[in-house]
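Reading through the structure tokens given below for one structure.
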Amino acid sequence: MKSCWIIYNGSLVNDKFRDQAELIQEAAERAGVSPRIYKNYEVLMDVTAPTDSLPDFVVFLDKDIVLATYLQSLGIPVFNDPEVIERCDNKTKQAIALAHDQIPMPRTILAPKVYPKFTIRDSGYYERVLSELELPMIIKEARGSFGMNVYLIETEQQYYEKVDELRGVDFLFQEFIASSRGRDIRVNVVGQQVIAAMYRHSETDFRANITNGGVAEVVELTDEQIDVALRAAKSVGADFAGVDLLFDRDEQPLVCEVNAAAHIRNIYNVTGINVADAMIAYILEVIR
Ligand SMILES: Nc1ncnc2c1ncn2[C@@H]1O[C@H](COP(=O)(O)OP(=O)(O)O)[C@@H](O)[C@H]1O
Ligand SMILES: [Mg+2]
């Protein structure tokens, strides 16, 4: 019997991370795999004396890149690959990959690194960004989930305050896709196949995230949406991905972001499709 570890972040107290791990655990059991859930800190990373009872594979639901890299170094297949988790966890790196592969996306400009105690306010960089993208504009921190670190910037004052506040943080500037205000599509991809999708919309916020007040419903994807979601997942190298799609002026898809550790509870509740079963089936096929 094959065994697997399912790893989530133990420092996050919200129940949804445990719940996510349990969905995978149940799917593993259904597939005849013996699963064990670990909080990331339950694996002692003694690199000089590695643990000997290792699983056949790891489903990594966290962004603890150090742990993922360590486990992979012990020869265990880790899903997603730690490099993919790292790329997706950083929206600036992800944007570079997507743009390189000519995936349709909002116009995006990356912010230069500024040390927190210093400023480049007089460099002209921010003025150039402003004249290229104009207001309103989106500013996104490289790291963040549930819409928490995504800002709609409507005035020059907000703009300069935000760039000032974000010194020391990786972030990017992005064209605001007004035709997609408060609505997007989440597509869950497993191994180059669309498994489930939902339309999310919010009446109260420009962000469609469910955690942020958005509501979701089943959606039938267009061929273009399927094609763009699959290309986006492939571009970042993800075995599993939650691809967020925006709607351009002609309702055509633009990639908003690719999540490597996409949550699967909401999409299960909305569509009745348990993405975990597809994830386990895919892994068993890959490691066969
Ligand atoms: N360029 C954009 N134009 C319009 N809406 C956007 C844009 N970028 C993000 N959004 C909205 O904000 C939400 C959160 O952004 P996203 O990049 O997915 O960050 P997070 O990782 O926090 O989910 C998206 O689901 C979408 O509704
Ligand atoms: Mg998102």
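So for the sequence shown, this note's numbering puts the first residue at 59; every next one is plus one. For every residue, glycine included, the Cβ atom is placed at its ideal position computed from N, Cα and C.
Review point. In or out: Thr262 buried (at least 16 other Cβ within 10 Å) or exposed?
Key: Reading the sequence shown from its first residue, position 204 is the one you call residue 262. Classification for Thr262: exposed.
Review point. Comparing the CB of Ala291 with every heavy atom of ligand 1, is any distance shorter than 7 Å?
Key: Numbered from its first residue, the sequence shown carries residue 291 at position 233. Checking the 7 Å criterion, the Cβ of Ala291 is out of range of every heavy atom belonging to ligand 1.
Practice item. Could you tell me the distance, in whole angstroms, from the CA atom of Val208 to the CA atom of Pro164? Key: Here residue 208 corresponds to residue number 150 of the sequence shown, with the count starting at 1. Here residue 164 corresponds to residue number 106 of the sequence shown, with the count starting at 1. In this structure, the alpha-carbon of Val208 lies about 14 Å from that of Pro164.
Review point. Hey, how far is the Cα of Asp104 from the Cα of Ser111?
Key: For this step, residue 104 is matched to residue 46 along the sequence shown. For this step, residue 111 is matched to residue 53 along the sequence shown. Ser111 has its alpha-carbon roughly 14 Å from the corresponding atom of Asp104.
Exercise for review: Just grab the DSSP bridge partners of Asn324 for me.
Suggested key: Here the question's residue 324 lines up with position 266 in the sequence shown. Answer is none; Asn324 lacks a bridge partner.
Exercise for review: May I ask you to report which of helix, strand or coil DSSP gives Leu303?
Suggested key: Sequence index remark: in the sequence shown, residue 303 carries index 245 (1-based). Correct three-state label for Leu303: strand.
Point to revise | Cβ neighbours of Trp63 in the same chain (closer than 7 Å, five flanking residues each side left out) | key: Along the sequence shown, read from residue 1 onward, the residue named residue 63 stands at position 5. Hits under 7 Å: Arg94, Tyr96, Pro113 and Val116.
Review point. With a CB to CB cut of under 6 Å and the five nearest residues on each side skipped, what residues in its chain are close to Gln137?
Key: Position 79 of the sequence shown holds residue 137. Here residue 137 is Phe; the residue named in the question, Gln, does not match the sequence. Same-chain partners within the cutoff: Val117, Asp297 and Ile341.
Check your understanding: In the structure shown, what three-state DSSP assignment does Asn246 receive?
Key -> To locate residue 246, count along the sequence shown from 1; it is residue 188. Taken through DSSP and simplified to helix, strand or coil, Asn246 comes out as strand.
Check your understanding: Quick one: is Glu192 buried, meaning 16 or more other Cβ sit within 10 Å of its Cβ, or exposed?
Key -> Indexing the sequence shown from 1 puts residue 192 at position 134. Exposed, since its Cβ has fewer than 16 Cβ neighbours within 10 Å.
Check your understanding: Can you give the beta carbon distance from Val247 to Leu288, rounded, assuming they're within the 8 Å contact cut?
Key -> For the purposes of this step, residue 247 is identified with residue 189 of the sequence shown, where counting begins at 1. For the purposes of this step, residue 288 is identified with residue 230 of the sequence shown, where counting begins at 1. Between Leu288 and Val247 the Cβ distance is about 6 Å, and since that is below 8 Å, they are a contact.
**Study point:** Exposure label - Tyr66; buried when at least 16 CB within 10 Å
**Key:** In the sequence shown, counting from the first residue as 1, residue 66 sits at position 8. Flag for Tyr66 reads buried.
**Study point:** Rounded Cβ spacing between Ala334 and Ala85 (contact assumed at less than 8 Å)
**Key:** Looking up residue 334 in the sequence shown gives position 276. Looking up residue 85 in the sequence shown gives position 27. Rounded, the Cβ-Cβ distance is 4 Å, consistent with contact.
Check your understanding: Roughly how many angstroms separate the alpha carbons of Ile322 and Ile331, rounded to a whole number?
Key -> Here residue 322 is taken as the residue at index 264 of the sequence shown, counted from 1. Here residue 331 is taken as the residue at index 273 of the sequence shown, counted from 1. Taking the straight line from one Cα to the other gives about 9 Å.
Exercise for review: Please indicate yes or no: does the CB of Asn207 lie closer than 7 Å to some heavy atom of ligand 1?
Suggested key: Stepping through the sequence shown from its first residue, residue 207 is reached at position 149. At a threshold of 7 Å, Asn207 counts as near ligand 1, since its beta carbon sits closer than that to one of the ligand's heavy atoms.
Exercise for review: With distances taken Cα to Cα, identify the nearest neighbour of Glu315 among Ser69, Met59 and Leu156.
Suggested key: Locating residue 315 in the sequence shown gives position 257, where the first residue counts as 1. Glu315 has its Cα closest to that of Leu156, out of Ser69, Met59 and Leu156.
Exercise for review: Please state if the CB of Ala336 and the CB of Ile253 are separated by a distance shorter than 8 Å.
Suggested key: As a first step, residue 253 must be located in the sequence shown, where it is residue number 195. As a first step, residue 336 must be located in the sequence shown, where it is residue number 278. Yes, these two residues count as a Cβ contact at 8 Å.
Check your understanding: In the DSSP assignment, what residue or residues form a beta bridge with Cys317?
Key -> Walking along the sequence shown from the start, residue 317 turns up at place 259. The sequence as given places Asn at residue 317; Cys does not occur at that position. According to the DSSP secondary-structure assignment, Asn317 is paired through a beta bridge with Gly300.
Point to revise | Limits of the alpha helix (DSSP H) - the one that Glu309 falls within | key: Indexing the sequence shown from 1 puts residue 309 at position 251. Per DSSP, Glu309 is not a residue of any alpha helix (DSSP H), being assigned neither H nor E.
Exercise for review: State yes or no: is the C-beta of Gly271 within less than 8 Å of the C-beta of Asp139?
Suggested key: Working through the sequence shown from its first residue, we reach residue 271 at position 213. Working through the sequence shown from its first residue, we reach residue 139 at position 81. Not a contact, by the Cβ cut-off of 8 Å.
Review point. Quick one: what does DSSP say Thr177 is sitting in, helix, strand or coil?
Key: Your numbering for residue 177 matches position 119 in the sequence shown. Looking at Thr177 - three-state DSSP - the assignment turns out to be coil, as it is neither helix nor strand.
Point to revise | For Val172 and Met256, believed in contact at Cβ under 8 Å, the rounded distance | key: To locate residue 256, count along the sequence shown from 1; it is residue 198. To locate residue 172, count along the sequence shown from 1; it is residue 114. At roughly 38 Å, the Cβ-Cβ gap does not stay under 8 Å, so Met256 and Val172 are not in contact.
Point to revise | Own chain partners of Ser237 with C-beta closer than 7 Å, once the 5 adjacent residues on each side are dropped | key: As a working mapping, residue 237 is identified with position 179 in the sequence shown. For Ser237, where only same-chain residues beyond five positions count, the Cβ hits under 7 Å are Phe305, Asp306 and Arg307.
Check your understanding: Quick one: what's Thr166 bridged to in DSSP?
Key -> Within the sequence shown, the letter at position 108 stands for residue 166. The bridge partners DSSP lists for Thr166 are Gln232.
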